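Enquirer: Okay, here's the structure, questions in a sec.
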Amino acid sequence: KKEWCCDKYGKACDPFDCNVGNSDRWPQSKKDYCCSKNGQGCPTTTTVPFDCNAGWANWEAGWSAPKKEWCCEKYGKACDPFDCNFANPDMWPQSKKD
């Protein structure tokens, strides 16, 4: 009914289409409206301490212990102390071979 009234008479129309555009670039009024209407464009209140995709190709040598622990806990990535599919076994350090 609301859509029909909007199309036919321009009454009861939503002020914004929450399915159009990148919410990062919406004006604040559209963010506020769409956040309250359907949860789009809401401000985020948490940040992620690590990007578990960044440096994934070299996680074994390139990631800190806290990053390995966090990514393992949250995403199941880097849980093994070594990646046994990475590089030629002849090139592995002795600690990895053991």
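Mapping of the sequence shown onto our numbering: position 18 corresponds to residue 5, and the numbering continues sequentially without gaps. C-beta: ideal position from N, C-alpha, C; glycine also. Model, not experiment: these values are computed from the prediction.
Helix, strand or coil, according to DSSP, for residue -1 in the structure here?
Expert: Residue -1: coil per DSSP, three-state reduction.
Enquirer: With a threshold of 16 other CB atoms inside 10 Å of the CB of residue 44, please say whether the residue is buried or exposed.
Expert: The residue is exposed, with fewer than 16 neighbouring Cβ atoms inside 10 Å.
Enquirer: Between residue 14 and chain C, is there a C-beta pair that is closer than 8 Å?
Expert: Of the protein chains in the structure, only one exists, and it is not chain C.
Enquirer: Leaving out five residues before and five after residue 22 in sequence, what residues of the same chain have Cβ atoms less than 6 Å from its Cβ?
Expert: Cβ neighbours of residue 22 beyond the five flanking positions: 28 and 29.
Enquirer: From 78, 38 and 7, pick the residue whose C-alpha is nearest to that of residue 59; which is it?
Expert: It is 38.
Enquirer: Which class does residue 5 belong to by DSSP, given the choice of helix, strand or coil?
Expert: In the structure shown, residue 5 sits in coil (DSSP, three-state: anything other than H, G, I, E or B).
Enquirer: Between the Cα of residue 31 and those of 18, 56, 78 and 41, spot the shortest distance and give me the residue it belongs to.
Expert: Considering only alpha carbons, the answer is 18.
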